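Asker: In this note's numbering, the protein residues as written are 379 to 557. Built from N, CA and C at the ideal position, the CB exists for glycine as well. Predicted model only: the values in this text are computed from it and were never measured.
#1: Pull up the distance between the alpha-carbon of residue 432 and that of residue 421, whole angstroms please.
#2: Can you tell me which of the three DSSP states residue 477 falls into?
#3: Among the residues of its own chain, which have a CB less than 6 Å from the CB of residue 603, if the five just before and after it don't count?
#4: If distances are taken between C-alpha atoms only, which option among 556, 435, 545, 540 comes closest to residue 520?
#5: In angstroms, rounded to a whole number, what distance separates the CA positions of residue 513 and residue 476?
#6: When you compare only the Cα positions, how much space is there between residue 551 and residue 459?
#7: Which of helix, strand or coil does DSSP assign to residue 544?
#8: Looking only at its own chain, which residues have a Cβ that is under 7 Å from the Cβ of residue 523, when we skip the five neighbours before and after it?
#9: Count the other CB atoms within 10 Å of the CB of residue 532; is the residue buried (16 or more) or exposed (fewer)?
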């Protein structure tokens with residue numbers, strides 16, 4: 379029985395050598411691609427419309443107030459201003475469009491309304507001292523993006539008007555981010 383294994387072993391080895399002598403190799407490659415498009419995030423969220431650019435809350439005050447100041451808040455950085463993060467190399471701009479009640483009250487280019495034809499005039503500014511007016515359709519250019527979030531500060535000043543009834547006064551402003 380030992381002898382048979384020895385005779386079969388060399389025969390199998392010969393068959394294996396014939397198969398390996400006929401083996402061939404084929405080479406090639408796989409092509410990969412990834413296309414990145416420019417994009418931006420507003421206050422940490424991406425999208426093409428309906429984004430929340432923040433809020434400006436003048437707070438609670440007497441109906442006999444003379445002035446109320448506030449800042450647009452929405453970001454997470456120091457001061458909480460509007461946070462814009464865009465693809466590196468883009469040149470983003472923020473355009474602050476019209477509000478719902480612009481020009482309806484003397485004393486400001488914009489107005490908050492209570493829904494009963496009562497208006498509180500206000501204006502927006504790009505500095506905390508309220509020296510640089512941000513006009514309706516005003517554009518705030520940002521530095522060329524390096525892929526790091528940029529803070530955009532927008533400040534508001536509301537002006538009191540004699541005879542205003544107590545109530546909640548609101549407005550909504552459209553904002554566009556171009557990059």
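Answerer: Well, looking at it:
#1: 8 Å
#2: strand
#3: Residue coverage of the chain in this structure runs from 379 to 557, which leaves residue 603 outside it and unanswerable.
#4: That would be 556, whose Cα lies nearest to the Cα of residue 520.
#5: 9 Å
#6: 16 Å
#7: coil
#8: 464, 465, 466, 467, 468, 470
#9: Residue 532 should be labelled buried.
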